[in-house]
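There are 4 protein chains.
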Amino acid sequence: MYNRRIRNHPKVSYGHWAVNWTGVLTMERYEPFLLINFKTYLEATGKRAVELSKQIEKVGENAGVKVGVAPQFCDLEKVAASVGIPVFAQHIDSVTPGASTGHVLAESVKAAGADGTLINHSEKALLLIDIDRAVQLAKQTGLRSVVCAGTARMAAAVALSEPDMVAIEPPELIGSGRAVSKENPEIVTESVKRVRRVNRTVAILCGAGISNGDDVYAALKLGTDGVLVASGIVKATNPKEVLASFCEAVLRAA
Amino acid sequence: MYNRRIRNHPKVSYGHWAVNWTGVLTMERYEPFLLINFKTYLEATGKRAVELSKQIEKVGENAGVKVGVAPQFCDLEKVAASVGIPVFAQHIDSVTPGASTGHVLAESVKAAGADGTLINHSEKALLLIDIDRAVQLAKQTGLRSVVCAGTARMAAAVALSEPDMVAIEPPELIGSGRAVSKENPEIVTESVKRVRRVNRTVAILCGAGISNGDDVYAALKLGTDGVLVASGIVKATNPKEVLASFCEAVLRAA
Amino acid sequence: MYNRRIRNHPKVSYGHWAVNWTGVLTMERYEPFLLINFKTYLEATGKRAVELSKQIEKVGENAGVKVGVAPQFCDLEKVAASVGIPVFAQHIDSVTPGASTGHVLAESVKAAGADGTLINHSEKALLLIDIDRAVQLAKQTGLRSVVCAGTARMAAAVALSEPDMVAIEPPELIGSGRAVSKENPEIVTESVKRVRRVNRTVAILCGAGISNGDDVYAALKLGTDGVLVASGIVKATNPKEVLASFCEAVLRAA
Amino acid sequence: MYNRRIRNHPKVSYGHWAVNWTGVLTMERYEPFLLINFKTYLEATGKRAVELSKQIEKVGENAGVKVGVAPQFCDLEKVAASVGIPVFAQHIDSVTPGASTGHVLAESVKAAGADGTLINHSEKALLLIDIDRAVQLAKQTGLRSVVCAGTARMAAAVALSEPDMVAIEPPELIGSGRAVSKENPEIVTESVKRVRRVNRTVAILCGAGISNGDDVYAALKLGTDGVLVASGIVKATNPKEVLASFCEAVLRAA
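Here it is in structure tokens:
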């Protein structure tokens, strides 16, 4: 079933069950994924969201590494129209079509061309009930979901909703420049362990403070399937260069 | 100062101070304004938001009545690029550029081409402090603000933040098909009275349950400067026809 | 460890590990528990909270069935001083001592004599992160925790925080008079199954619409360890009589 | 009408209309009021809330200065039973009796013996609509209301709901030890000016950073009717001494 969902989303395929050369069905590791969250940085607002996305796509293509972007709502459509890499919204509300002025409807995000959405980022924390609803709405609408969690226990909790990806981000390290994969590797390994106990197929990202290739390398070696990064790329003097070092680290970790 | 702000927004001019033929500076009535809120209705999502906006523009032009639309965030840019009438966001968050994943930044809405924004719609009610911040952010970003309020007292309270427009919408009548201007004219006149006591220049809209020309006529006769309407137009079998009847009522009330 | 915590709370002992007559350590069923939530009903506010609690204690004693009450914050101390049965707060905030005006501090609830607290009742739904924090704060303060969840998936998610009890309450049935254990027995069995997969020792209550002995009997037979009930008792013409029928059902189900 | 409400609350009388010796009805200044907010400080939780309240009462009595306390919900009843000074809740929810688990009902606070309640403290900020509802609920229940506001504009906005008192507290100075009355006297005078434009009878407190007698003196000289203070008293090494200096400043300012 998971596989089928992937097939429906040709642009994004983070992992899969596969029959290996001995004829056995095995779970293969997901292809590492670097997801860049544009937050509400002016450096990644409006036209600059498109420019940055194009740069990110090019660096990823050159390195042969899977990259994606998460621009603001108003920029989703033009970014999705300008690049071929996965484009994520930063949030959807757990509302269905109707009288919900000012809310972010899954169908609207999908119609704009988004491939998926972040859910429960620590800067847009949700009620437990709304996390689950948002994941289900994403599924029904054909959007991939990346649910954020600040602790290992919470990562396992959100993995129960069966999103496509879980992203571990200790809030205290977000934007700190101190990478979770180096400052607090235990939370990453503990998260992987706890998530895997309840969900064997969800992809696992980690984030917070990721700012250079070594941070990315460390993250992958801890058993994650990629990183969620924001200021480390968006606020960098030279985003392309930093992203290139991230990609190099992905290849090194392979 | 108010006038100057209007000059900076050629597309939207709801009212003005003017020197009349006797040479006296007077406050003239605002040109009536019909603002159509698309909420998260599928009938007004994605491409249908553009189509509906074009229809609305055409009906307004034919009648010579000022109309505007408030589509979802993801649709703002393409709607703004397709029509010449005022385009409003349905909400902005009281955040400044930076680490605010999933929030709606005034600059982003502005960059998408919006002329203004709703604030504090009853379906997206805000903290008092955030209402004021959002109005100031709108001003700084060059967005017009329409702040909603459910009672006469609240209408006066939000008028103190000096938005461009205040919209009275008793929540219990929203989407009811029973027009505030007929079901509860007292709340409208009371709102106008209380708002005017603290703010002489803010334009005053009313909304909730407005579904035909008579409702619009009644609203204007109660001293408002226009109406905020959603399902009455968006969910109508024939939105153009209903809007035409609204426009006819505006002209009749003049 | 669980056992030890129980020993520290002599008034409340919902279940335990025990060495049976063959010398094997086994998990025994929790003694069924009927927890009555007073909500903000006037029938259970102020002095009436004390009177009702005394009646509840007496009925429970007479029947030999474990009962507990969850009065409002202002009534916790006098209720706890008047009865010997477990007394729960209806909510605690995930705040530590300090500058949190208007919040409900775990230490304050504990100092008032409460034995535990509800967390994440659907009428006071919490952010995922705050549910986990509140459970940990309860543990640190020596309060037992009953975390509510509206779906089977959410029940498992909150069970990961290792509260003392999980309460399944489909919001749509709360206050409906239609008992979850009869209207939707599948959600109860599914919850029990999913919770047990991730947590073997948490006690499981169910609630929503429970209004007579048969509803209680059905709930216990579905594998729960008790019920959470509010209007079924508090708004009953004769609360003692209804509770007596609940107790009778508990004994019948044993 | 205001006067009548005061008569109904013999313990609290912040000001009044009075016929002076020439027979003219005049508005007299309110008797200065020092309101001590206990927040969730452990120093003022449980029994220590009662002890501190008694000390505060004694210092106020000795100096002949009106003082009041705002303990946590669970402590309201025993504090109200132990002292004769005004006792305020720190918050009420805008709910009526019924199915509102975990909420703070005005009737419950009143039944516990409270004289009034804070509303919209910056640490428990409310939706605009809920501020107004809470003030009306307080009136209906016979509770005095002190509505907090962080800016001059917001102070005027909440004054429109006609609470008994408005408290100006710039959030950035709360707990800072830098008194609003000295760091930012303009916000106080501006607030007084704006509040008086829309409400002539509401009492005006100010707060944030108040920590010694001079701060209190400055606050009163700026036209306020008292101060709202928390850590300045509760976290002081010698609360009685600090409060005595506050009282001395009140008398000096008279």
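From first to last, the protein sequence lines stand for chains A, B, C and D. Taking our numbering, the leading residue of the first sequence gets 1, the next gets one more, and so forth. Taking our numbering, the leading residue of the second sequence gets 1001, the next gets one more, and so forth. Taking our numbering, the leading residue of the third sequence gets 2001, the next gets one more, and so forth. Taking our numbering, the leading residue of the fourth sequence gets 3001, the next gets one more, and so forth. Glycine included, each C-beta is placed from N, C-alpha and C at the ideal position.
Under the three-state reduction of DSSP, which class applies to residue i: helix, strand or coil?
i	result
R7 of chain A	Note on R7 of chain A: pLDDT 32, under 50, position unreliable in the model; the coordinate value appears next. The answer is helix: DSSP assigns R7 of chain A an H, G or I state.
I2036 of chain C	strand
K2278 of chain C	Residue 2278 of chain C lies beyond the stretch modelled for chain C, which goes from 2001 to 2254, so this question has no answer here.
T1282 of chain B	This structure cannot settle anything about residue 1282 of chain B, because the visible part of chain B is limited to 1001 through 1254.
K1058 of chain B	helix
A2236 of chain C	coil
For residue i, count the other beta carbons within 10 Å of its own beta carbon; 16 or more makes it buried, fewer makes it exposed. Which is it?
i	result
L222 of chain A	buried
N2238 of chain C	exposed
L126 of chain A	buried
N62 of chain A	exposed
Q3072 of chain D	buried
L35 of chain A	buried
T3151 of chain D	buried
R3029 of chain D	exposed
Q1140 of chain B	exposed
R252 of chain A	exposed
R1197 of chain B	exposed
A254 of chain A	exposed
T22 of chain A	exposed
Determine the extent of the beta strand (DSSP E) in which residue i is found, giving its start and end residues.
i	result
L1205 of chain B	1203 to 1207
List the residues of chain D whose Cβ lies closer than 8 Å to the Cβ of residue i, in chain order.
i	result
T2237 of chain C	The premise fails here: T2237 of chain C is roughly 18 Å from chain D at the closest Cβ pair, so nothing lies under 8 Å.
D1093 of chain B	None at all; the shortest Cβ gap to chain D is about 15 Å.
S2082 of chain C	Under the 8 Å cutoff, chain D gives no residues; its nearest Cβ is about 13 Å from S2082 of chain C.
P2109 of chain C	In the sequence under discussion, the amino acid at residue 2109 of chain C is Val, which differs from the Pro named in the question. Chain D residues near V2109 of chain C: C3074.
In whole angstroms, what is the alpha-carbon distance linking residue i and residue j?
i	j	result
L3243 of chain D	V3069 of chain D	12 Å
K1011 of chain B	K3110 of chain D	Residue confidence for K1011 of chain B is low, a pLDDT of 38 falling below 50, so the modelled location carries little weight and cannot support an answer.
S1245 of chain B	G1142 of chain B	32 Å
C148 of chain A	P163 of chain A	10 Å
A99 of chain A	K1039 of chain B	6 Å
R3133 of chain D	S3094 of chain D	6 Å
I2006 of chain C	I2131 of chain C	With a pLDDT of only 35 at I2006 of chain C, under 50, the local geometry of the prediction cannot be trusted, and the value read off the model is given with reservation. Those two C-alpha atoms are separated by around 21 Å.
H1016 of chain B	R1200 of chain B	For H1016 of chain B, the predicted model reports a pLDDT of 48, less than 50, meaning its position is unreliable and no value from the coordinates is stated.
N8 of chain A	G3177 of chain D	With a pLDDT of 33 at N8 of chain A, under the threshold of 50, the predicted position of this residue should be treated as unreliable, and no value is reported.
L1979 of chain C	K2058 of chain C	Because chain C is modelled from 2001 through 2254, residue 1979 of chain C falls outside the range shown and cannot be assessed.
E1077 of chain B	L2173 of chain C	42 Å
S2013 of chain C	K2124 of chain C	With a pLDDT of only 35 at S2013 of chain C, under 50, the local geometry of the prediction cannot be trusted, and the value read off the model is given with reservation. Cα to Cα, S2013 of chain C sits roughly 26 Å from K2124 of chain C.
L137 of chain A	V3166 of chain D	44 Å
A1236 of chain B	A1044 of chain B	12 Å
P171 of chain A	L3160 of chain D	39 Å
V3135 of chain D	L3220 of chain D	25 Å
L3228 of chain D	V3083 of chain D	19 Å
E1169 of chain B	G1207 of chain B	5 Å
L118 of chain A	A218 of chain A	23 Å
V3067 of chain D	R2144 of chain C	37 Å
H2091 of chain C	L2105 of chain C	9 Å
D1225 of chain B	V3180 of chain D	41 Å
For the alpha helix (DSSP H) that residue i lies in, which residues bound it at each end?
i	result
T2189 of chain C	2185 to 2198
G1177 of chain B	Taken as a continuous stretch (DSSP letters only), G1177 of chain B belongs to no alpha helix (DSSP H), as it is neither H nor E.
G2213 of chain C	2213 to 2221
L1076 of chain B	1076 to 1082
Counting only Cβ pairs nearer than 8 Å, list the residues of chain C close to residue i.
i	result
M165 of chain A	Those within 8 Å of M165 of chain A in chain C number zero; the least Cβ separation is about 16 Å.
So is residue i in contact with chain G if we call contact Cβ pairs under 8 Å?
i	result
E1183 of chain B	In the structure shown, chain G cannot be found, because the protein chains are A, B, C and D.
Counting only Cβ pairs nearer than 7 Å, list the residues of chain B close to residue i.
i	result
E169 of chain A	Ordered by position in chain B, no residue passes the 7 Å Cβ test against E169 of chain A, which lies about 10 Å from the chain.
F73 of chain A	F1073, C1074, V1104
A3157 of chain D	L1128, A1157, L1160
Who are the neighbours of residue i on chain B, taking C-beta pairs under 9 Å?
i	result
T3151 of chain D	I1129, D1132
N3120 of chain D	L1127, L1128, I1129
Using a C-beta to C-beta distance shorter than 9 Å, which residues of chain A count as neighbours of residue i?
i	result
A2125 of chain C	L127, L128, I129, D130
Note down, in chain order, every chain B residue with its Cβ under 8 Å from the Cβ of residue i.
i	result
N37 of chain A	T1101
Under 7 Å Cβ-Cβ, which residues of chain D neighbour residue i?
i	result
V1198 of chain B	V3198
Going along chain A, which residues have a C-beta under 7 Å from residue i?
i	result
Q1261 of chain B	Only positions 1001 to 1254 of chain B appear in the structure, and residue 1261 of chain B is not among them; the question remains open.
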